[in-house]
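One structure is given here, and the rest of the page talks about it.
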């Protein structure tokens, strides 16, 4: 399978283009997110208890906040490592076009599958849809501030992603087919 056959656009809407790489090789980027200048893009505060992430800005600049510490990353600054379990958020401010890549630690195809699932509609997901994807993924939870117990984010995912999402058909529960 060639590189271009492994690159799949999963969202191209409202100034955001998300491309995933299926079956990434060790150390290879699994997701590329490109955002137009006239669009603000934000990934709210969240954490991954099973694995860390590596971020690299390809063009423009993107703000990453990890455990309350904000870093503005540009293409000439190398990678930003977000260790397992660290609360983090992402902001691409309006007024500058930007693109950034991410990969998971440990390397796996899970990040590609996660993004394909998250943007299955071709657009940014709603709250219940996102929680349902988090439920299925099992390694992404919202963080409610920097100092609250992790269990609060997990309860949000269990309730809204698992139970409500299942009821609405977004998140089949364990043992059910999707």
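Residue numbers (the numbering used here): 3 to 180. All C-beta atoms, glycine included, are put in the ideal place defined by N, C-alpha and C.
Other residues of its chain near residue i: CB distance less than 6 Å, five sequence neighbours each side excluded
i: residue 144; result: 48, 155 and 158
8 Å contact criterion, which residue i and residue j should meet: CB distance rounded
i: residue 141; j: residue 51; result: 7 Å
i: residue 17; j: residue 41; result: 4 Å
i: residue 163; j: residue 133; result: 3 Å
Local conformation of residue i per DSSP, three classes
i: residue 135; result: helix
i: residue 126; result: coil
i: residue 167; result: helix
i: residue 153; result: helix
Residue i versus residue j - alpha carbon distance
i: residue 83; j: residue 33; result: 15 Å
i: residue 58; j: residue 131; result: 27 Å
i: residue 108; j: residue 139; result: 15 Å
i: residue 97; j: residue 62; result: 10 Å
i: residue 128; j: residue 80; result: 32 Å
i: residue 116; j: residue 135; result: 7 Å
i: residue 11; j: residue 118; result: 9 Å
Beta-carbon proximity of residue i to residue j, cut-off 8 Å
i: residue 160; j: residue 105; result: no
i: residue 64; j: residue 100; result: yes
i: residue 22; j: residue 114; result: yes
i: residue 137; j: residue 112; result: no
i: residue 54; j: residue 85; result: yes
Same chain, Cβ closer than 7 Å to residue i, five either side skipped, listed in chain order
i: residue 43; result: 18, 37 and 94
Same chain only: Cβ atoms within 8 Å of residue i, ignoring 5 sequence neighbours per side
i: residue 126; result: 13, 15, 16 and 18
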